[in-house]
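**Q** For the sequence shown, the positions run 1 to 195 when UniProt numbering is used.
We put the CB at the ideal spot given by N, CA and C, even for glycine.
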Amino acid sequence: FKLNSALSNWSIFFKLGIPGVLMVALEEWCFEMMTLMAGTLGSVTLGAQAIVFQIQSIIYMVPLGLFTAVNIRVGQRLGAFDPVGARYVYFTALTIISIVALFTGLPVVLLRHYIPYMFTSDEEVCSLASQLLPMLLLFQFLEGFAGVSEAILLACGRQSLGAITIFLGYYCTGMPIAAILTYQTSLGILGKLIL
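1. Let me check understanding here. Comparing Cα to Cα, which of L190, I177 and C156 lies closest to F81?
2. Which residues in the same chain as F119 place their Cβ atom closer than 6 Å to its Cβ, once the five residues preceding and following it in sequence are excluded?
3. With DSSP collapsed to three states, give me the class of G75.
4. Cutting at 6 Å between CB atoms, please list the residues of its own chain near A163, excluding the five before and the five after it.
5. Would you mind working out which of P176, M135 and E123 sits nearest P107, comparing C-alpha positions?
6. So L66 and A93 are supposed to be a Cβ contact under 8 Å. How far apart are they, rounded?
7. Nearest chain D C-beta to I115 closer than 8 Å, yes or no?
8. Can you check whether the CB of G174 is closer than 8 Å to the CB of T182?
9. Can you give the beta carbon distance from G144 to V100, rounded, assuming they're within the 8 Å contact cut?
Right, here's the structure in full:
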């Protein structure tokens with residue numbers, strides 16, 4: 001073990017690592033802020049939000065694995081100087097993620113009147129959650145496409161671009177629009193889910 005070797009090239013590590021962490025953290029922090037926003041709308045809304053968030057977290061695991069695979073495959077193709085192969089992986093991933101979104105989101109939509117009762121027996125919470133759950137199908141598609149794109153940016157070593165894009169998309173565009181739709185219109189919690 002050589003200490004000099006262990007302490008060398010840290011600038012590359014920080015150049016990729018910090019923006020990579022920000023890509024994940026900025027997105028997660030945004031979801032947490034949306035939960036805080038739901039809490040200001042009352043306990044029924046917060047309960048429904050918690051159910052939707054839990055279901056979303058569960059069905060997101062399948063696309064998350066795909067994003068990791070896309071990151072690896074695109075990185076391999078680019079490392080082999082095969083940009084055509086990397087592009088093929090990208091378009092294949094978009095096709096697969098569309099199918100995955102359909103197969104993970106559609107059952108939630110079809111079972112939306114039953115799923116909330118797995119979490120609570122409160123009729124108001126279950127009723128609101130069943131109104132919100134169909135949004136997860138759209139979310140699965142949009143988050144799937146975004147996740148594949150994030151995986152591509154990671155494979156290309158463009159974490160800084162990803163972190164900037166996520167910050168601009170969520171914090172400068174999505175959250176202000178969600179706040180306006182939630183608090184200034186009759187949409188309530190539905191306005192928040194548009195984010």
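**A** The answer reads as follows:
1. Position 81 of the sequence shown, counted from the first residue, corresponds to residue 81. Checking every option, the nearest Cα to that of F81 belongs to C156.
2. Looking up residue 119 in the sequence shown gives position 119. Result list for F119: I51, in chain order.
3. Stepping through the sequence shown from its first residue, residue 75 is reached at position 75. Reduced to three states, the DSSP call for G75 is helix.
4. Residue numbering aside, residue 163 sits at position 163 when the sequence shown is read from its first letter. P19, L22 and M23, listed in sequence order.
5. Your numbering for residue 107 matches position 107 in the sequence shown. Taking only the C-alpha atoms, the option nearest P107 is M135.
6. As a position in the sequence shown, residue 66 is number 66, starting the count at 1. As a position in the sequence shown, residue 93 is number 93, starting the count at 1. Correct: roughly 7 Å between the Cβ atoms.
7. Among the chains in the structure shown there is no chain D, since it carries only a single protein chain.
8. Along the sequence shown, one-based indexing puts residue 182 at 182. Along the sequence shown, one-based indexing puts residue 174 at 174. In this structure, G174 does not lie closer than 8 Å to T182 by Cβ.
9. Residue numbering aside, residue 144 sits at position 144 when the sequence shown is read from its first letter. Residue numbering aside, residue 100 sits at position 100 when the sequence shown is read from its first letter. Sure, about 7 Å apart at Cβ, within 8 Å.
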